[in-house]
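What follows is a single structure, written as structure tokens, with notes after it.
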Amino acid sequence: MSGWKRTEVRRGREYTVQPVSAASAQKEYVCPGCGGTVLPGTAHVVVWRADGVLGDEADLASRRHWHNHCWSIA
Ligand SMILES: [Zn+2]
Numbered sequence: 013m014s015g016w017k018r019t020e021v022r023r024g025r026e027y028t029v030q031p032v033s034a035a036s037a038q039k040e041y042v043c044p045g046c047g048g049t050v051l052p053g054t055a056h057v058v059v060w061r062a063d064g065v066l067g068d069e070a071d072l073a074s075r076r077h078w079h080n081h082c083w084s085i086a
């Protein structure tokens, strides 16, 4: 993990956004924005619900890895 967590609002819901540096990205993930693969070594963001409706543990379990670009247009 790297960078500062921030909170962003999408469609009236709050999300926590955690930037991940290229050096810290060591696994493949499926980006929910485009359905493509976030390859290891690609700087990207981890996003999860910040409003806590489901509880912190459920929110953390529902974290998703997005390409920077895909999240920016989500
Ligand atoms: Zn994507």
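Counting from 13, one number per residue, gives the positions in the sequence shown under this note's numbering. In this text, a Cβ means the ideal position worked out from N, Cα and C, and glycines have one as well.
Next on the checklist: Could you check if Gly-53 belongs to the surroundings of ligand 1, using beta carbon to heavy atom distance under 8 Å?
Outcome noted: No, the beta carbon of Gly-53 sits no closer than 8 Å to any heavy atom of ligand 1.
Checklist entry - Regarding Val-32 and ligand 1, is the C-beta to nearest heavy atom distance less than 8 Å? => result Answer for Val-32: no, Cβ out of range of ligand 1.
Next on the checklist: How far does the beta strand (DSSP E) with Trp-16 in it extend, from its first residue to its last?
Outcome noted: For Trp-16, there is no enclosing beta strand (DSSP E), since its DSSP letter is neither H nor E.
Checklist entry - If you draw a straight line from the C-alpha of Trp-60 to the C-alpha of Ala-35, how long is it? => result Pairing Trp-60 with Ala-35, the inter-Cα distance amounts to about 21 Å.
Checklist entry - Buried or exposed: where does Met-13 fall if 16 or more other Cβ atoms within 10 Å of its Cβ makes it buried? => result For Met-13, the pLDDT reaches just 49, beneath the cut-off of 50, and the residue's location in the model is therefore unreliable, although a value from the coordinates is still provided. Counting Cβ neighbours within 10 Å, Met-13 comes out exposed, since fewer than 16 surround it.
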